[in-house]
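Structure first, commentary second.
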Amino acid sequence: QVQLVESGGGLVQPGGSLRLSCAASASGFSIYAMGWYRQAPGKQRELVASITSGGNTYHADSVKGRFTISRDNAKNTVYLRMNSLKPEDTAVYYCNAPMGPGARWSWGRGTQVTVSS
């Protein structure tokens with residue numbers, strides 16, 4: 005059973021920055037595409053960024069130019085650098101391996117990001 009442990013969230017003012025980390029216990033981590041998702045209160049979970057095994061990235065329009073996904077295969081870790089944060093970025097952030105319309109593994113606990121003055 006793969007374990008995903010997200011960290012790095014917190015309370016930040018609008019315009020601030022955070023870096024999220026996700027450690028995965030998956031064997032062969034480097035072969036999997038990885039993604040960051042978020043779920044705001046009352047909304048469905050959405051994919052905000054993903055990175056392939058080869059390092060190609062995707063960022064949703066809502067975060068493009070502000071968020072950057074990266075990975076360190078030696079550490080089995082994926083990161084999300086978030087700059088110019090907005091109140092609408094407030095959500096619980098999760099990582100997982102995208103698979104079709106869903107995700108490959110069970111979800112971790114996520115990390116809360118709150119953007120507020």
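The numbering of the sequence shown is this note's numbering, which starts it at 5 and goes up by one. Quick reminder that beta carbons are idealized off the backbone N, C-alpha and C, glycines included.
So, using beta-carbon positions, are G114 and V96 closer together than 8 angstroms?
-> yes
Evaluate D93 with the Cβ neighbour count: other Cβ atoms within 10 Å of its Cβ, from every protein chain shown; 16 or more gives buried, anything less gives exposed.
-> buried
Assign A78 to buried or exposed, taking buried as 16 or more other Cβ atoms, counted over all protein chains shown, within 10 Å of its Cβ.
-> exposed
Use the C-beta contact count for G19: other C-beta atoms within 10 angstroms, 16 or more gives buried, fewer gives exposed.
-> exposed
Sequence-distant residues of the same chain with beta carbon closer than 8 angstroms to S121, five excluded per side = Q17 and P18
P102 by DSSP, collapsed to three states: which one?
-> strand
Residues bridged to S74 (per DSSP) | Y83
Which residue's Cα is closest to the Cα of R70: M86, G13 and P102?
-> M86
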